[in-house]
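S.K.: Residue numbers (the numbering used here), protein chains in the order written: chain A, 289 to 507; chain B, 171 to 841; chain C, 676 to 923.
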Amino acid sequence: MSGLIKSSIARKVAMALSGLFLVFFLLQHFTINFTSIFSPDTFNELSHFMGTNPLVQFVLQPVLIFGVVFHFIMGFVLELKNKNARAVKYAKYNGGANASWMSRNMIYSGLVILAFLGLHFYDFWVPEIVHKYVEFAPEDPTRYYGELLHKFESPIRTGLYVVSFVFLALHLWHGFASSFQSVGFNNKYSVAATKFAKAFALVIPIGFIVVALVLHFTH
Amino acid sequence: MSILDSKIPEGPLADKWTKHKNTINLVNPANKRNIDVIVVGTGLAGGSAAATLAELGYNVKTFCYSDSPRRAHSIAAQGGINAAKNYQGDGDSDYRLFYDTVKGGDYRSREANVYRLAEVSANIIDQCVAQGVPFAREYGGLLDNRSFGGVLVSRTFYAKGQTGQQLLLGAYSAMNRQINRGKIQSFNRHEMLDLVKVDGKARGIIARNLVTGEIERHSAHAVVLASGGYGNVFFLSTNAMGSNVMAAWRAHRRGAFFANPCYTQIHPTCIPVSGDHQSKLTLMSESLRNDGRIWVPKRIEDSEAIRAGKLKPTQLAEEERDYYLERRYPAFGNLVPRDVASRAAKERCDAGFGVNKTGEAVYLDFASAIQRYGKEKALTSGIENPSAAEITKLGEEVIENKYGNLFQMYEKIVDENPYKTPMMIYPAVHYTMGGLWVDYNLQTTVPGCYAAGEANFSDHGANRLGASALMQGLADGYFVLPYTIGDYLSKDIRTGKIPTDTPEFDQAEKEVTDRIAKLMGGSGQHSVDYYHKKLGKIMWNKCGMSRNEKELKEAIDEIAELREDFWKNVKVPGTAESMNPELEKAGRVADFLELGELFAKDALHRNESCGGHFREESVEQEGEQKGEALRDDENFKYVAAWEYKGEPKDASLHKEELTFKNIELKTRSYK
Amino acid sequence: MNLTLKIWRQKDAKSQGKIVEYPISGIEGDMSFLEMLDVLNEELINKGDEPVVFDHDCREGICGACSLQINGEPHGPDRLVTTCQLHMRMFKDGDTIFIEPFRAKAFPVVKDLMVDRSAFDRIQHAGGYVSVNTSGNTIDANAIPINKEDADEAFNAATCIGCGACVAACKNASAMLFTSAKVSQYALLPQGKVEATERVLAMVNQMDEEGFGNCTNTGACEIECPKGISLENIARMNREYLKASLKG
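1) Which residue or residues does DSSP assign as beta-bridge partners of B:His-437?
2) May I ask you to report which of helix, strand or coil DSSP gives B:Phe-523?
3) Find the nearest neighbour of B:Val-207 within the set B:Phe-784, B:Leu-659, B:Glu-624 and B:Met-690, judged by alpha-carbon distance.
4) When you compare the stretch 279-286 of chain B with the stretch 208-218 of chain B, are there three or more beta-carbon pairs, one atom per stretch, that lie closer than 8 Å?
5) One question on the structure: do B:Pro-507 and B:Gly-757 come within less than 8 Å of each other, judged by their Cβ atoms?
6) Would you kindly report the start and end of the unbroken beta strand (DSSP E) that includes A:Asp-432?
7) Going by DSSP, what residues sit across from C:Met-789 in a beta bridge?
8) Taking contact to mean at least 3 C-beta pairs separated by less than 8 Å, is the stretch 716-731 of chain C in contact with the stretch 795-809 of chain B?
9) Compare the beta carbon distance of B:Asp-509 and B:Asn-633 with 8 Å and say whether it is the shorter of the two.
10) Can you give me the C-alpha to C-alpha distance between B:Phe-427 and B:Trp-607, rounded to a whole angstrom?
11) Look up C:Glu-775 in the DSSP assignment and say whether it is helix, strand or coil.
12) Per DSSP, which one or two residues make a beta bridge with C:Ser-707?
13) Apply the 10 Å Cβ neighbour rule to B:Asp-727 and answer buried if 16 or more other Cβ atoms are within range, or exposed otherwise.
14) Buried or exposed, going by whether 16 or more other CB atoms sit within 10 Å of the CB of C:Lys-722?
15) Counting C-beta neighbours from all protein chains within 10 Å, is the total for A:Trp-562 16 or more, i.e. buried, or is it exposed?
16) Taking 8 Å as the CB-CB limit, is B:Ala-225 close to chain C?
17) What does the Cβ neighbour count give for B:Gly-524, buried or exposed, with the cut at 16 atoms within 10 Å?
18) Classify B:Gly-445: buried if its beta carbon has 16 or more other beta carbons within 10 angstroms, exposed otherwise.
19) Going by other Cβ atoms of all chains shown within 10 Å of its Cβ, with 16 needed for buried, is A:Tyr-432 buried or exposed?
20) Is the shortest distance between the beta-carbon of A:Ser-290 and the beta-carbons of chain C less than 8 Å?
21) For the ligand ZN, any of its heavy atoms closer than 7 Å to the Cβ of B:Asp-662?
22) Would you report the Cα separation of B:Cys-592 and B:Asp-676, rounded to the nearest angstrom?
23) Please name the residues in the stretch 284-303 of chain B whose beta-carbon is closer than 9 Å to at least one beta-carbon of chain C, in chain order.
24) Is C:Asn-913 buried or exposed, if buried means 16 or more other CB atoms sit within 10 Å of its CB?
25) Are the C-beta atoms of C:Pro-820 and some chain B residue less than 8 Å apart?
26) Under 8 Å Cβ to Cβ from B:Met-603, same chain only, skipping five residues before and after it: list those, please.
27) Run down chain F in chain order and give the residues with a C-beta less than 7 Å from the C-beta of A:Tyr-381.
28) Can you give the beta carbon distance from B:Ala-377 to B:Glu-361, rounded, assuming they're within the 8 Å contact cut?
29) Just grab the DSSP bridge partners of B:Ala-621 for me.
30) Suppose you measure from the CA of B:Leu-312 to the CA of C:Asn-817; what does that come to, to the nearest Å?
31) Using a beta-carbon distance cut-off of less than 7 Å, what residues from the stretch 466-480 of chain A approach chain C?
32) Am I right that B:Asn-402 and B:Phe-762 are in contact with their C-beta atoms under 8 Å? What's the rounded C-beta distance?
33) On the DSSP bridge list, what partners appear for B:Lys-379?
34) What does the Cβ neighbour count give for A:Tyr-477, buried or exposed, with the cut at 16 atoms within 10 Å?
35) From the beta carbon of C:Pro-726, is the nearest beta carbon of chain B less than 8 Å away?
36) Under DSSP, the beta strand (DSSP E) around B:Phe-233 begins and ends at which residues?
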């Protein structure tokens, strides 16, 4: 089993599984966000549940944080190792001839997403934690929608969100479909699965962008 | 009585091998650990021999010039491997395979060897399947067969057009298992430069590390040469660029007799030469003749028009085409043996019917096969009243399934789509039946020096049938040599390790380094390729598909002259103490320049036409066979084994009479 | 046609290398890429220079010896061919062509364009075989029928020529396609199933030890593979590896 931790395939599978977990999280996050553009009440309700339910707070949230950190660190370690596997670079390298830009630049799309996560944490998560666990401020189950609107007032921030979601789409475009291959899923259903993954990679980030823009322009 | 003792066991033909195995000496497993064997060459014969010897317990060292044993040129064999399995129930048997092989070789091979080959052929298929070689299968899950030239049964096992690759990778995998066990030490990018004899026995080799240029000594209790054939003496051939005669020739110079050097196989279906820059020729598998029909235009004007680019072959109607093989040999048609097909192509082209710009090409046409398969496929897939386009499409799919990689290869080289327009082909040097003389045990005339696969002369006589080379290589390596060598090695169990710091090794190494210094010290006028190409031209023009006394004599003189010039004026850049591919080539060409002369000498002395050796002086004068090759059993029913005496022209001839007790000598007719 | 060649020259494994420019003229479309290099080498030799060293042997696309990164792609711009099958008609007059060795830490340069691919051999030594001894009495070849589809797929995987284009093309210099082709061939055949667990663990372990990078599923290997070895093999190896790890 110790070989399993060190082996290239195990690491690749771990990347895939943590990625799939994050994809699932994205879907859930998006679902909640999406409610904000047609039903502030539903949004508040769901946000309140997520923010106060102990299972979400003390089990899922640490798992999610671990997932993000793991996916990032492992991705970075693999990138370094992979760069190292070709010590002398090609004078001419025509990577575009045989692989998509997305697949070759996961580290960059990933870094943009990571930077975005920093912003996102600064915007929502840090105030939320301070609110609940530092200041022990009184709970108001209807405060979420207002906070959300407040964040999307700034066109710069909205712009940053939109750009980040474009990179998220690029990252998912390769990453989601590729995770099937990594876990060894390649059979007659693969074509359909890949189509689904590519659709997901477009629909979800576009959905996030729509939410951001709607909130920005309608208020 | 000849000094050649073939050591053929007594008794009835079918019992000889079993009886022999039962009576030869064996080495016990504990003693095998103390015995070293060197194997030079890691193709089918060398790789399989090395693996099997190591399995048995011997310490094996293998040598190959490539960076990996997997690159040996056996890998390029396309069509298949014969075995008398009779899976098709079409009447095949050991005897029939034996009979076809002896007849196909024009009665110039040794009965006992060929029978043994047929006998172990079935084991080869079992062995390879057990190793995981992915042969082609039928829908029922059983192995598929195809038919090959010169026979009337389907006994050829295949893996698309890459049979050699799959079999070689099988042998390579068997080697890998032994490397992993520490029983084989594999010296890649190493070339054998000399054989070392101690007290008359082969006891080691001198090799050059091709990466560092270092000269190394390696000792062993026996040396197996499985270094392939010498087709590259023609410069242009289907052999790999590095294929060479050096190992065999060095052994020849140390006392191993060289047998039948003039028996060369010119393969009928190769892609024609396109220009002067050409470095090698590419084979199109003989299996294509199962479905392709060979033709040239009937009228010489049509050929001229085609050559001038004014006419396309597809514009010629059926009755304007001369399917000359079907016309001349109705019984075998396009599936006549290789030598017959090659000469027929040359005859048509010499008569002016050639179809490419050089006039040296004939058509291999798949149009009728595409139609036939298309109709068959439409019927079996239940398509009613298929359109012509549908039939063509279905037919092309069937053809693609069978020969896809070959068609692709053709298109890449010639830049024409062979599904739509007939392929152009022409004969090219492919395989050499001649090689080191060996006895029934595959031992050369140097005790302890063995030769296997194409490097020996033994099983194909004057012409090799398709899909027999893979069979012979693996038979020698897996099933013959590992047992027969034990008989010799059983006397060596008390010898101990062979030291390399002896005068014999000193002397051999000195000769090697002197020779290298001489090669490096030429006046530097011409590159190695310049000489190689010149030699190739002489060989092709005067020792090629048809030979005569006058030209052979000229060839002997011209080659001797060229050799002298080579040693004086060759240019080898770089140093001997580092990687130097030009130096490697120079050493090989130097040996080809000697072999070429012996080749011509052998061809000159054999004043008969047999198999791949066609003498213009020896032709049927009348009757149904008029114009066909005329064999002379009365005077030439022997193996010509040449002993080295300094210069090739001084080589002395030893004859091993061939006796045929189980097969009647007949005129080889494929009419 | 006239061309400008920019070729990597390196004296030996220890020396520093550099790109050297060579003009060449009189090249015909019918020539193979290697025949074009032959012409260059003949010129260099006649000038008294050392010719460019490159691996090559069969020159019909099957031995896997030839390599070369040509204009940033292994075996050049054509598909499903090796460098020896690449013809000059793929280029046009006036082109500049970069010619470099296959680059990977696991493939050190031997000289000029020649690299050491023995890492591939060592991966095969680790388990690329079925442990069956040679004997005249193995079971009959037709004793175990094999589904034609499996046999064909095993064959397709087995057509790998071990050239290393997959490694050269991969931005990570990963050897997954090569390794998985062998693992797949045996995993698909009943003869190979017996040792499947040990095989995949040993071969992947060796692959990692050689210093190849990790697979990130870019698919470059499949596109550049002269034999069209499918990415499915990598998925199969991932599966086999996971299965084996959980078992072992």
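Every residue gets a Cβ at the ideal spot worked out from N, C-alpha and C, and that includes glycine.
M.R.: In short, the structure shows the following:
1) Taking the second sequence and counting its residues from 1, the one referred to as residue 437 of chain B is at position 267. Answer is B:Ala-598.
2) By one-based count along the second sequence, residue 523 of chain B stands at place 353. B:Phe-523 falls in the coil class under three-state DSSP.
3) Here residue 207 of chain B refers to the residue found at position 37 of the second sequence. Of the candidates B:Phe-784, B:Leu-659, B:Glu-624 and B:Met-690, the one whose C-alpha sits nearest the C-alpha of B:Val-207 is B:Leu-659.
4) no
5) Locating residue 507 of chain B in the second sequence gives position 337, where the first residue counts as 1. Locating residue 757 of chain B in the second sequence gives position 587, where the first residue counts as 1. Going by C-beta atoms, B:Pro-507 is not nearer than 8 Å to B:Gly-757.
6) Position 144 of the first sequence, counted from the start, is the residue given in the question as residue 432 of chain A. Correcting the residue identity first, residue 432 of chain A is Tyr in this sequence and not Asp. Taken as a continuous stretch (DSSP letters only), A:Tyr-432 belongs to no beta strand (DSSP E), being part of the alpha helix (DSSP H) at 431-439.
7) For this step, residue 789 of chain C is matched to residue 114 along the third sequence. Partner(s): C:Lys-786.
8) Too few Cβ pairs lie closer than 8 Å, so no.
9) Residue mapping note: residue 509 of chain B aligns to position 339 of the second sequence, counting from 1. Residue mapping note: residue 633 of chain B aligns to position 463 of the second sequence, counting from 1. Yes.
10) Here the question's residue 427 of chain B lines up with position 257 in the second sequence. Here the question's residue 607 of chain B lines up with position 437 in the second sequence. The alpha-carbon atoms of B:Phe-427 and B:Trp-607 are separated by roughly 5 Å.
11) If you number the third sequence from 1, residue 775 of chain C lands on position 100. In the structure shown, C:Glu-775 sits in a strand (DSSP, three-state: E or B).
12) Taking the first residue of the third sequence as position 1, residue 707 of chain C is located at position 32. According to DSSP, C:Ser-707 bridges with C:His-762.
13) As a working note, residue 727 of chain B is residue 557 in the second sequence. That one is exposed.
14) Sequence index remark: in the third sequence, residue 722 of chain C carries index 47 (1-based). Under this definition C:Lys-722 is an exposed residue.
15) Because residue 562 of chain A is not part of the residues shown, which for chain A are 289 to 507, the question remains open.
16) If you number the second sequence from 1, residue 225 of chain B lands on position 55. According to the sequence shown, residue 225 of chain B is Glu rather than Ala. Yes, B:Glu-225 counts as interfacial toward chain C.
17) Residue numbering aside, residue 524 of chain B sits at position 354 when the second sequence is read from its first letter. So B:Gly-524 ends up on the buried side.
18) In the second sequence, residue 445 of chain B corresponds to position 275, counting from 1. Result: exposed.
19) As a working mapping, residue 432 of chain A is identified with position 144 in the first sequence. Buried is the call here.
20) Against the first sequence, residue 290 of chain A aligns to sequence position 2. Confidence is the limiting factor: at A:Ser-290 the pLDDT is only 48, short of 50, which leaves the residue's position unreliable, though a coordinate-based value still follows. No - not a single Cβ of chain C is within 8 Å of the one on A:Ser-290.
21) The ligand ZN is absent from the structure shown, which contains no ligand whatsoever.
22) Mapped onto the second sequence, residue 592 of chain B falls at position 422. Mapped onto the second sequence, residue 676 of chain B falls at position 506. The residue you asked about is not Cys; residue 592 of chain B is Pro in the sequence shown. B:Pro-592 and B:Asp-676: Cα-Cα distance of roughly 59 Å.
23) Val-290, Ala-292, Asn-293, Ile-295, Asp-296, Gln-297, Cys-298, Val-299, Ala-300, Gln-301, Gly-302 and Val-303
24) Counting from 1 along the third sequence, the entry for residue 913 of chain C is found at position 238. When all chains shown are included, C:Asn-913 counts as buried.
25) Reading the third sequence from its first residue, position 145 is the one you call residue 820 of chain C. Closer than 8 Å: yes.
26) Residue 603 of chain B sits at position 433 when you count from the first residue of the second sequence. For B:Met-603, where only same-chain residues beyond five positions count, the Cβ hits under 8 Å are Gly-275, Asn-430, Tyr-433, Thr-434, Gln-435, Phe-627, His-630, Gly-631, Ala-632, Asn-633, Arg-634, Gly-781 and Gly-782.
27) In the displayed structure, chain F is absent; the protein chains listed are A, B and C.
28) Position 207 of the second sequence holds residue 377 of chain B. Position 191 of the second sequence holds residue 361 of chain B. Correct: roughly 6 Å between the Cβ atoms.
29) Residue numbering aside, residue 621 of chain B sits at position 451 when the second sequence is read from its first letter. Answer is B:Leu-395, bridged to B:Ala-621.
30) On the second sequence, residue 312 of chain B is found 142 positions in, with the first residue counted as 1. On the third sequence, residue 817 of chain C is found 142 positions in, with the first residue counted as 1. Going from the Cα of B:Leu-312 to the Cα of C:Asn-817 covers about 6 Å.
31) Ser-466, Gln-469, Ser-470, Val-471, Gly-472, Phe-473 and Asn-474
32) Walking along the second sequence from the start, residue 402 of chain B turns up at place 232. Walking along the second sequence from the start, residue 762 of chain B turns up at place 592. At roughly 7 Å, the Cβ-Cβ gap stays under 8 Å, so B:Asn-402 and B:Phe-762 are in contact.
33) In the second sequence, residue 379 of chain B corresponds to position 209, counting from 1. According to the sequence as given, residue 379 of chain B is Asn; it is not Lys. Answer is B:His-360.
34) Within the first sequence, the letter at position 189 stands for residue 477 of chain A. By the 10 Å Cβ count, A:Tyr-477 comes out exposed.
35) Translated into positions along the third sequence, residue 726 of chain C becomes position 51. So, interface residue.
36) Taking the first residue of the second sequence as position 1, residue 233 of chain B is located at position 63. Taken as a continuous stretch (DSSP letters only), the beta strand (DSSP E) holding B:Phe-233 covers 229-233.
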